DNA sequence: TGGAGCATCTGGAACGTTCCAACCACCAAA
DNA sequence: TTTGGTGGTTGGAACGTTCCAGATGCTCCA
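Chains as they are written, first to last, in our numbering: chain A, 146 to 484; chain B, 146 to 484.
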């Protein structure tokens with residue numbers, strides 16, 4: 146144990162001198178090579194522990210020409226969505242003998258750029274971008290330096306892998322669920338220009354058609370925020386015929402819808418069923434009990450890690466797009482319509 | 146731009162050869178030294194851009210004997226509390242010319258240990274631990290290698306700085322607020338063994354005494370989870386005299402309380418006022434409209450960064466404890482008692 | 001005309017590892 | 001007794017920077 150911080154951390158050479166062997170032997174031991182006698186191994190390990198030796202990753206990165214680190218740039222830590230994604234990445238990466246290090250840009254393009262640059266300068270072996278808002282050119286530039294995958298957001302760039310959930314299928318599941326309960330007048334409040342809003346809307350429309358309910362299709366403009374749901378619901382309430390069920394673009398907006406219905410003294414799901422998307426903690430809370438669609442967040446993270454690791458080891462040139470299937474989570478906000 | 150990933154990233158030497166100058170000059174330019182002629186500067190910068198040169202942080206760390214990186218170990222990304230804290234850290238650290246890199250341990254001591262080790266091996270210049278659940282000895286060991294600060298959790302270790310909010314004062318503010326509204330029968334549902342539970346309880350008791358309400362003190366056992374609030378509220382309901390207000394250990398537990406009151410058809414705040422702690426998104430949501438106590442999360446992060454940076458540059462030996470003042474946020478879950 | 005002084009640039013050592021070729025004992029087989 | 005392995009160990013080069021002491025060439029003044 147080295148209590149005095151003014152002195153430099155011990156190096157492999159300090160350990161070697163302590164034991165009276167060469168630095169090479171210490172290196173061999175630290176890396177767990179098996180061409181070492183048990184005696185030397187123990188002596189080296191003891192000395193290393195005594196001195197508080199820690200390998201210097203910077204030096205290792207230099208000489209090995211790789212860091213065994215995967216960089217993760219998280220655009221927004223406030224979004225609980227990423228917590229599970231990161232957990233999936235971290236788990237998979239660790240299993241493969243790599244380590245994950247993260248930076249964040251807080252949804253500010255300039256800061257995200259810096260966050261990615263930091264990772265690149267540290268010479269990470271792979272890069273995961275979690276829903277970047279970063280300028281496209283910078284993403285492409287990064288992907289030229291190191292294998293890169295985007296998770297949670299689709300991309301058109303030909304060199305970049307991506308992992309997303311199947312928003313369209315998720316939306317179809319919602320409609321199927323509602324139809325099964327007996328609903329026909331099912332409206333949609335969309336997510337405006339948000340990521341994933343369009344495919345969710347498309348899925349809604351397709352499923353309605355499939356169920357021969359094209360005449361009941363009713364889609365109004367909303368957003369991914371609480372007031373988007375609020376505004377959308379008010380628009381629907383202003384119409385002559387009320388829907389018996391509403392599929393809202395995401396959970397947060399769905400909460401906005403619930404509030405409006407609360408204020409209007411409409412019962413959920415008695416008068417109207419409500420469905421969100423994303424299965425956030427908000428939806429899971431007993432108070433909301435919101436039926437929603439669960440993105441396989443952990444698996445998405447794991448998949449991102451696997452794509453990166455595979456790209457590192459095989460040097461695959463073509464991009465891969467993983468699209469994972471979401472899952473409907475039925476709760477108390479949906480039920481059969483009053484007949 | 147270097148499109149082919151099979152070749153190594155360009156080094157300072159490649160840039161030097163391209164221009165026909167020495168590596169030293171390139172180094173000077175990259176670091177923005179002013180003893181360089183404008184002509185050389187431009188030539189070097191152009192060549193660097195053309196080749197897609199990025200400084201190698203590992204090499205820099207080696208020779209400079211410092212990384213200009215601050216490591217942040219986040220115990221739990223699921224807790225939205227940390228998003229703001231990290232943002233504060235990131236902002237302050239960036240302003241000072243450092244970069245923040247993060248790892249996470251997902252509340253698993255073993256993984257947190259690894260997360261800290263990763264940072265230490267990367268030779269970060271300072272370490273921030275966000276509510277670690279890590280074994281104490283490992284924290285102490287880390288603090289011997291590098292300046293360390295714990296944020297969001299108190300510590301007794303003499304070498305370690307910490308940043309917390311003043312839980313006791315926060316609790317007192319809650320009682321003051323309720324008393325001001327006219328309440329006297331104010332109960333408390335505590336956070337069990339959770340971090341910060343004890344000082345919140347103490348603050349409640351002290352404030353009650355200060356208001357000459359010692360006879361009204363009523364504190365029951367709960368936890369920091371939804372069912373803790375649930376159980377605590379049921380215990381209170383089982384008693385003969387209902388309180389007119391309840392101060393719950395945190396927001397999540399307070400949501401549990403709201404649910405029970407909902408189920409019992411008791412009006413909030415008409416029949417009973419409810420207060421939480423932490424000002425999470427849950428509390429802010431219109432549906433809950435929960436009066437709560439806001440920890441200055443961003444400032445806590447900033448303070449943590451400042452403590453670290455100061456410790457790095459001054460090599461201060463003694464520990465510092467920063468205790469920041471929280472703020473009461475009054476919402477719709479509190480009001481005057483029915484008289 | 002000869003420096004002094006200045007602006008600009010340069011070569012080499014150092015940082016802490018890994019990896020490779022080589023070395024050393026020692027033993028078994030010829 | 002030599003030869004050939006084999007298990008264990010070693011020294012030196014290399015990785016991409018920074019930093020330092022010095023070199024170079026110019027201008028300006030005595």
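Heads up, the beta-carbon is just placed ideally off N, CA and C, and yes, glycines get one too. Owing to the predicted nature of the structure, the values given are computational and were not obtained by experimental measurement.
Q | Minimum length 3: unbroken beta strand (DSSP E) runs contained in the region 313-347 of chain A | A | Whole beta strand (DSSP E) segments, 3+ residues: 331-334.
Q. Can you tell which of B/307, B/224, B/461 has the C-alpha that lies nearest to the C-alpha of residue 252 of chain B?
A. Minimum Cα distance to residue 252 of chain B is reached at B/224.
Q) If we count the other Cβ atoms within 10 Å of its Cβ and call it buried at 16 or more, is residue 456 of chain A buried or exposed? A) Of the other Cβ atoms in all chains shown, 16 or more fall within 10 Å of the Cβ of residue 456 of chain A; this residue is therefore buried.
Q) Using a beta-carbon distance below 9 Å, is residue 258 of chain B in contact with chain A? A) Judged by the 9 Å Cβ criterion, residue 258 of chain B is not in contact with chain A.
**Q.** Unbroken beta strand (DSSP E) run spanning residue 239 of chain B, endpoints
**A.** First-last for residue 239 of chain B: 226-240, but that is the alpha helix (DSSP H), not the beta strand (DSSP E).
Q) Three or more beta-carbon pairs under 8 Å between the region 462-477 of chain B and the region 302-314 of chain B, yes or no? A) Verdict: yes, contact present.
Q: Identify each residue in the region 260-272 of chain A for which the Cβ-Cβ distance to at least one residue of chain B is less than 7 Å, and report them in chain order.
A: Listed by position along the chain: 263, 265, 266, 267, 268.
Q: Tell me residue 215 of chain B's beta-bridge partners as DSSP assigns them.
A: In the DSSP output, where bridge partners are listed per residue, residue 215 of chain B has B/245, B/271.
Q. For the region 195-208 of chain A, which residues have a CB atom closer than 9 Å to at least one CB atom of chain B, in sequence order?
A. Here the close residues are 197, 199, 200, 201, 202, 203, 204, 205, 206, 207.
Q | 3-residue-minimum beta strand (DSSP E) runs that sit fully inside the region 408-448 of chain B, ordered along the chain | A | For the region 408-448 of chain B, whole beta strand (DSSP E) runs of length 3 or above, ordered along the chain, are 418-420, 437-439.
Q: Would you decide whether residue 193 of chain B is buried or exposed? Buried here means 16 or more other CB atoms lie within 10 Å of its CB.
A: A buried status is given to residue 193 of chain B, since no fewer than 16 other beta-carbon atoms sit within 10 Å of its beta-carbon.
Q) With 9 Å set as the bound, which would you pick, yes or no: does the beta-carbon of residue 160 of chain B sit closer than that to a beta-carbon of chain A? A) Against chain A, the CB of residue 160 of chain B has no partner CB under 9 Å away; the residue lies outside that interface.
**Q.** Under the three-state DSSP convention, the category residue 185 of chain B falls into
**A.** Helix.
Q: List the residues of chain B that residue 247 of chain A touches, going by C-beta distances under 8 Å, in chain order.
A: Going along chain B in sequence order, the residues near residue 247 of chain A (Cβ under 8 Å) are 246, 247, 248, 249.
Q: Starting from residue 466 of chain B, trace the beta strand (DSSP E) both ways and give me its first and last residue.
A: Judged by DSSP secondary structure, residue 466 of chain B falls within the beta strand (DSSP E) whose first and last residues are 466-469.
(Q) Strictly below 7 Å CB to CB, what residues from chain A border residue 228 of chain B? (A) Those within 7 Å of residue 228 of chain B in chain A are 222, 223.
(Q) I'd like the span of the beta strand (DSSP E) that includes residue 295 of chain A, first residue to last. (A) First-last of the beta strand (DSSP E) with residue 295 of chain A: 293-296.
Q: Let me know if residue 210 of chain B comes out buried or exposed under the rule of 16 or more other beta-carbons within 10 Å of its beta-carbon.
A: Its Cβ having fewer than 16 others within 10 Å, residue 210 of chain B is exposed.
(Q) So that I know if they touch, is there some Cβ in chain A lying closer than 9 Å to that of residue 382 of chain B? (A) So, not an interface residue.
**Q.** Residue from B/410, B/478, B/324 with nearest C-alpha to residue 355 of chain B
**A.** Nearest of B/410, B/478, B/324 to residue 355 of chain B, Cα basis: B/324.
Q.
Using a Cβ-Cβ cutoff of less than 7 Å, which residues in the same chain neighbour residue 236 of chain B once the five nearest sequence positions on both sides are dropped?
A. Result list for residue 236 of chain B: 447, in chain order.
Q) Less than 9 Å separating the beta-carbons of residue 269 of chain B and residue 231 of chain B? A) Judged by beta-carbon spacing, residue 231 of chain B lies beyond the 9 Å limit of residue 269 of chain B, meaning their Cβ atoms are not closer than that value.
**Q.** Within 9 Å of chain A by C-beta, residues of the region 413-429 of chain B in sequence order
**A.** Residues 426, 427.
Q) Just the Cα atoms here: how many angstroms apart are residue 147 of chain A and residue 297 of chain B? A) With a pLDDT of only 40 at residue 147 of chain A, under the threshold of 50, the placement of this residue in the model should not be trusted; the figure read from the coordinates follows. Between residue 147 of chain A and residue 297 of chain B, the C-alpha separation is close to 27 Å.
**Q.** Cβ-based burial, residue 367 of chain A [other Cβ within 10 Å; buried from 16]
**A.** Residue 367 of chain A is buried by the Cβ-count criterion.
(Q) Spatial neighbours of residue 483 of chain B within its chain, please: C-beta separation below 8 Å, excluding the five flanking residues on both sides. (A) Excluding sequence neighbours, residue 483 of chain B sits near 389, 415, 416.
Q) Which first and last residues belong to the beta strand (DSSP E) in which residue 473 of chain B is found? A) 472-474 is the span of the beta strand (DSSP E), which, as asked, contains residue 473 of chain B.
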